[in-house]
Amino acid sequence: MKERNGRVVAMVVTSTDSRTLQPIIRKHVKIVSNLMTDEFRTYIDANLLYNHQVVKHLEGEYVS
113 MKERNGRVVA MVVTSTDSRT LQPIIRKHVK IVSNLMTDEF RTYIDANLLY
163 NHQVVKHLEG EYVS
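Everything in the sequence shown is counted per this note's numbering, starting at 113 for the first residue and increasing by one.
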């Protein structure tokens, strides 16, 4: 995770399922923040807490 013009949070995780990643995201990302992710299904409910925008790599979309 990286804040815009800010710090980076990186860690090794035991799993990429939502039970593992959602608590980490909630710990490091303020509610109603802008959250940019790819279309990985673990992030599917992120729009409930964040202004969630998705980069659709499967459709050839990438952030420049």
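We put the CB at the ideal spot given by N, CA and C, even for glycine. Predicted model, so just to flag it, every value in this text is computed and none were measured.
Quick check: the Cα distance between K139 and M148, rounded to an integer number of angstroms?
16 Å
* With a threshold of 16 other CB atoms inside 10 Å of the CB of Y174, please say whether the residue is buried or exposed. => exposed
Just list the residues that DSSP pairs V120 with in beta bridges.
K114
Inter-residue spacing [alpha-carbon to alpha-carbon] between H169 and N117:
When rounded, the distance between both Cα atoms is 24 Å.
Candidates I143, T154, V141 and N163: which alpha carbon is nearest S127's? With distances taken between Cα atoms, S127 lies closest to T154.
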